[in-house]
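In terms of my numbering, the sequence shown opens at residue 4 and continues consecutively. Note that CB positions come from ideal geometry on N, CA and C, so glycine has one too. Note that this is a predicted model, so its numbers are computed, not measured. Report on the structure given below.
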Amino acid sequence: MEKTYNEHVSHLPKHLLQYVVDQNYDNYTSIDQAVWRYVMRQNVNYLPSVCHGSYLEGLKKTGLSTEQIPSMYGMTRILKDIGWFAVAVDGFIPPSAFMEFQAHNVLVIAADIRQINHIGYTPAPDILHEAAGHAPIIADKEYAAYLTKFGEIGSKAFSSSEDMEIFNAIRELSILKEAPNVAPESVEKAEKKVLELQSNATAISEMSKIRNLHWWTVEYGLIGSIDNHKIYGAGLLSSISESVNCLSDKVKKIDYTVNAANTVFDITKEQPQLFVAKDFHYLNSVLDEFSEKMAFKIGGDYALNLAIDSGSISTCEFDSGVQVSGKFVNGLKKDNQIIYIKTLGPTAISYNNKEILNHGIKHHKDGFGMPIGSIINIDSINNLNANLNEKIKINYNSGVVVEGYLYDSIKDDNGGIVMLSFKDCKVYLNEASDNELVLFDPSWGVFDLVIADSIVSAYPYAADHNSFPVKEISLSSHTIKPKLSPEKIKLNNLYDKIRNIREENLLLEFDVINEILETILSDYHNEWLLTLEICELVKNKIDDIYQKAYLHLMAIIKGEPSYKKLILDGLNIIK
């Protein structure tokens with residue numbers, strides 16, 4: 004089905020557009036709308052005194068209403084005025100995709116909304132978290148720039164082969180915890196799987212570390228000082244329980260530094276500690292400090308090893324500007340230094356992020372190999388005075404020798420040679436006792452030699468996004484859409500009637516209101532939210548109905564103390 008708001012984000016790469024889903028606004032029930040309204044009204048009432056000053060202004064700029072769930076189309080029309088866009092996705096998406104969306108100034112919003120029994124805090128991303136938590140704070144220019152920069156740097160972070168397993172396990176756990184009528188045994192099994200995978204992880208990848216930084220800032224950050232701080236993290240802004248609890252002494256406050264990258268988190272529970280940054284500018288400083296130790300900045304063998312460990316398509320960029328993209332595998336080392344690089348399977352060679360003509364995956368379909376390091380018998384490759392079909396011998400300091408007939412050469416924009424192609428070519432390593440280790444045999448065809456003294460950068464995607472076919476996403480679990488039982492359908496109809504009476508200002512319908520309240524008293528004994536909406540409608544207008552509804556709320560508190568704060572907070576904002 005064509006996505007109804009996709010014209011705003013058609014510029015995104017195809018592999019990202021796969022994650023975009025339709026919001027299907029008509030699927031929101033009147034119960035869903037009441038959940039949105041309750042949380043947003045609580046936020047507007049409570050947050051001004053505890054959140055960063057730009058949040059409430061951002062609510063206005065982003066067009067978010069306390070009265071109804073926003074449409075993605077409407078949000079994007081408003082967000083684009085501040086340089087951002089919004090798309091709906093199905094719950095958690097892989098961190099690499101999330102970061103890349105952010106780099107494109109796209110806010111990904113989980114289209115679903117939490118169930119009423121998770122109204123205070125949900126273990127799964129939902130539209131309240133994304134739209135009401137992330138979107139308003141984006142209106143702050145300095146913070147929005149931080150998000151974009153985070154996305155740009157985060158999208159360059161390497162994942163390990165274990166990361167996707169852990170992601171899928173966490174995604175499944177969050178789905179099960181939010182879904183209705185899930186057996187406790189299923190949740191326990193999912194929790195056990197997450198813990199096992201995390202404890203068995205051999206190392207913390209770049210992506211895991213930068214996700215930790217993202218979590219402790221964008222999701223759960225505090226700003227100010229240890230003794231005087233405000234909320235700016237979206238996870239806190241969108242949780243009416245955690246936004247209160249996080250400011251208590253029960254939650255440890257820690258000065259935010261780059262060391263937060265090593266602090267793991269549990270997405271399904273309220274956080275036991277939070278990090279405090281002094282201002283938004285400081286967030287960028289920490290991010291810059293962290294990025295200096297990443298593969299895309301360091302390069303060298305370190306970067307190549309991360310590309311190999313990722314087990315997926317990556318790019319190594321060389322000092323000549325040439326970029327090789329493919330699945331890197333263990334090559335050849337000498338004295339613990341990489342001297343010959345190899346890929347396995349389809350490989351593309353690019354320059355300035357554009358694939359070099361005739362050097363795509365059709366030409367290099369089985370893999371690619373190349374020596375790396377200094378050449379000792381030619382002062383400068385650019386002084387190579389050789390004609391086509393002339394035999395050339397190139398000796399590397401490592402002992403690798405390239406010997407063949409020059410077939411073609413490719414130059415950069417300044418006329419410097421960046422690649423040579425040879426026919427009838429042999430590539431070998433001179434070893435002790437005059438032994439040769441053959442790295443390329445003349446019978447294998449044309450040998451393409453990338454001129455490279457060193458790896459200057461590496462990142463976990465193809466240099467030219469068009470070099471490889473779009474890999475179809477495969478998430479191991481999908482959000483469980485709750486189906487309304489006949490009883491819930493009846494209850495939803497009651498919510499719908501109260502909503503219509505409020506929006507149409509039909510207070511003369513007091514017989515209908517009373518009838519709805521009587522139905523609650525007889526059939527839905529713990530239905531606190533709808534009873535609260537009735538109290539709001541009739542307070543100072545129809546006293547007998549108000550008293551009856553109020554007394555029922557007090558009875559609910561007595562029978563179910565866990566509802567006490569939700570009910571009292573709701574009554575507190577009724578005028």
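Is the separation between the beta-carbon of Ser57 and that of Leu131 shorter than 8 Å?
The residue given as residue 57 occupies position 54 in the sequence shown. The residue given as residue 131 occupies position 128 in the sequence shown. In this structure, Leu131 does not lie closer than 8 Å to Ser57 by Cβ.
Could you tell me the boundaries of the beta strand (DSSP E) in which Asn192 lies?
The count along the sequence shown starts at 1 and reaches residue 192 at position 189. This sequence places Lys at residue 192; Asn is not what is there. No beta strand (DSSP E) holds Lys192; the alpha helix (DSSP H) holding it covers Pro187 to Asn203.
His232 - DSSP class collapsed to helix/strand/coil:
Reading the sequence shown from its first residue, position 229 is the one you call residue 232. Residue state, collapsed to three classes: strand.
Using a Cβ-Cβ cutoff of less than 6 Å, which residues in the same chain neighbour Pro16 once the five nearest sequence positions on both sides are dropped?
Translated into the one-based positions of the sequence shown, residue 16 becomes position 13. Contacts found: His468.
Classify Pro374: buried if its beta carbon has 16 or more other beta carbons within 10 angstroms, exposed otherwise.
Residue numbering aside, residue 374 sits at position 371 when the sequence shown is read from its first letter. Pro374 is buried by the Cβ-count criterion.
Per-residue burial, Ile243 [other beta carbons within 10 Å of its own, 16 or more giving buried]
Here residue 243 corresponds to residue number 240 of the sequence shown, with the count starting at 1. Its Cβ being crowded by 16 or more others within 10 Å, Ile243 is buried.
Every unbroken alpha helix (DSSP H) inside the segment 121-158 [4 residues or more]
138-141 and 144-157
Who are the Cβ neighbours of Lys300 in its own chain at under 8 Å, not counting the five residues just before and after it?
As a position in the sequence shown, residue 300 is number 297, starting the count at 1. Contacts found: Ser294 and Ser460.
I need the straight-line Cα distance from Lys368 to Val405, nearest angstrom please.
Counted from its first residue, the sequence shown places residue 368 at position 365. Counted from its first residue, the sequence shown places residue 405 at position 402. Cα to Cα, Lys368 sits roughly 22 Å from Val405.
Considering only the beta carbon of each residue, do Gly402 and Cys428 sit closer than 8 Å?
On the sequence shown, position 399 is the one that residue 402 refers to. On the sequence shown, position 425 is the one that residue 428 refers to. Result no, Cβ atoms of Gly402 and Cys428 do not sit closer than 8 Å.
Check the DSSP bridge columns for Asn75 and list the partner residues they point to.
Taking the first residue of the sequence shown as position 1, residue 75 is located at position 72. Sequence check: residue 75 is Met here, not Asn. None, per the DSSP bridge assignment.
Presumed contact (8 Å Cβ cut-off) between Ala263 and Phe278, rounded CB distance
Position 260 of the sequence shown, counted from the first residue, corresponds to residue 263. Position 275 of the sequence shown, counted from the first residue, corresponds to residue 278. Going by Cβ atoms, the distance from Ala263 to Phe278 rounds to 5 Å, so yes, they are a contact pair.
Could you tell me which whole alpha helix (DSSP H) segments of length 4 or greater appear in the segment 470-526?
489-506 and 513-526
Rank Ile352, Val38, Asn48 and Ala91 by C-alpha distance to the C-alpha of His366 and give the top, closest one.
Sequence index remark: in the sequence shown, residue 366 carries index 363 (1-based). The candidate whose alpha carbon is nearest that of His366 is Ile352.
Have a look at Leu533 and Met210 and give me their C-alpha separation to the nearest angstrom.
The residue labelled residue 533 in the question sits at position 530 within the sequence shown. The residue labelled residue 210 in the question sits at position 207 within the sequence shown. So the two alpha carbons sit approximately 44 Å from each other.
If you draw a straight line from the C-alpha of Asn361 to the C-alpha of Asn398, how long is it?
By one-based count along the sequence shown, residue 361 stands at place 358. By one-based count along the sequence shown, residue 398 stands at place 395. Rounded to the nearest angstrom, the two C-alpha atoms are 26 Å apart.
At which residue ranges does the segment 305-362 contain complete beta strand (DSSP E) runs of 3 or more residues, listed in the order of the chain?
317-321, 325-329, 331-337, 340-347 and 351-354
Lys567 - containing beta strand (DSSP E), residue span
What you label residue 567 is simply residue 564 of the sequence shown in a count that begins at 1. Here Lys567 belongs to no beta strand (DSSP E); instead the alpha helix (DSSP H) covers Lys567 to Asn575.
Contact under 8 Å by Cβ, Val254 with Phe153:
As a position in the sequence shown, residue 254 is number 251, starting the count at 1. As a position in the sequence shown, residue 153 is number 150, starting the count at 1. No, the Cβ-Cβ distance between Val254 and Phe153 is not below 8 Å.
Any idea if Ser383 is buried or exposed, counting beta-carbon neighbours within 10 angstroms, 16 or more meaning buried?
Locating residue 383 in the sequence shown gives position 380, where the first residue counts as 1. Ser383 is exposed by the Cβ-count criterion.
Confirm, please, whether the CB-CB distance from Lys500 to Val515 is below 8 Å.
Here residue 515 corresponds to residue number 512 of the sequence shown, with the count starting at 1. Here residue 500 corresponds to residue number 497 of the sequence shown, with the count starting at 1. Yes, they are a contact pair.
Determine whether the beta carbon atoms of Ile226 and His55 lie at a separation below 8 Å.
Here the question's residue 226 lines up with position 223 in the sequence shown. Here the question's residue 55 lines up with position 52 in the sequence shown. A contact, by the Cβ cut-off of 8 Å.
Environment of Glu145 [buried if 16+ CB atoms lie within 10 Å]:
Within the sequence shown, residue 145 is the residue found at index 142, counting from 1. Per the 10 Å Cβ criterion, exposed.
Could you tell me whether the segment 79-95 touches the segment 109-119, using the rule of 3 or more Cβ pairs below 8 Å?
yes
What three-state label does DSSP hand Asn380 in the structure shown?
What you label residue 380 is simply residue 377 of the sequence shown in a count that begins at 1. Here Asn380 sits in coil by DSSP.
So with Cβ pairs under 8 Å, would you call Val473 a contact of chain C?
Included in the structure is just one protein chain, with no chain C present.
Where Pro564 falls: helix, strand or coil (DSSP):
Within the sequence shown, residue 564 is the residue found at index 561, counting from 1. Correct three-state label for Pro564: helix.
Tell me whether Asn265 sits in a helix, a strand or coil according to DSSP, three-state version.
Position 262 of the sequence shown, counted from the first residue, corresponds to residue 265. Helix.
For Glu539, collect the residues of the same chain with a Cβ closer than 6 Å to its Cβ; drop the 5 residues on either side in sequence, then sort them by chain order.
In the sequence shown, the residue the question calls residue 539 occupies position 536. The answer, listed in chain order, is Ile577.
Could you work out which residue in Ala142, Ile34, Pro98 and Ile72 is closest to Lys64 when comparing CA atoms only?
Here the question's residue 64 lines up with position 61 in the sequence shown. Of the candidates Ala142, Ile34, Pro98 and Ile72, the one whose C-alpha sits nearest the C-alpha of Lys64 is Ala142.
Helix, strand or coil for Met210? Go by DSSP, reduced to three states.
The count along the sequence shown starts at 1 and reaches residue 210 at position 207. The answer is helix: DSSP assigns Met210 an H, G or I state.
Straight-line Cα distance separating Ile378 from Ile454:
Working through the sequence shown from its first residue, we reach residue 454 at position 451. Working through the sequence shown from its first residue, we reach residue 378 at position 375. When rounded, the distance between both Cα atoms is 10 Å.
Taking the beta strand (DSSP E) that Ile243 belongs to, which residues open and close that run?
The count along the sequence shown starts at 1 and reaches residue 243 at position 240. Per DSSP, Ile243 belongs to no beta strand (DSSP E) and is neither H nor E.
Buried or exposed: which applies to Ile229, given that a residue is buried once 16 or more other Cβ atoms fall within 10 Å of its Cβ?
Here residue 229 corresponds to residue number 226 of the sequence shown, with the count starting at 1. Classification of Ile229: exposed, given that the 10 Å Cβ count is below 16.
Report buried or exposed for Ile476, applying the criterion of at least 16 other Cβ atoms within 10 angstroms of its Cβ.
Within the sequence shown, the letter at position 473 stands for residue 476. Looking at its Cβ environment, which holds fewer than 16 other Cβ atoms inside 10 Å, Ile476 is exposed.
Below 8 Å on the Cβ atoms is my guess for Asp322 versus Asp456; work out the distance and round it to an integer in Å.
If you number the sequence shown from 1, residue 322 lands on position 319. If you number the sequence shown from 1, residue 456 lands on position 453. Going by Cβ atoms, the distance from Asp322 to Asp456 rounds to 5 Å, so yes, they are a contact pair.
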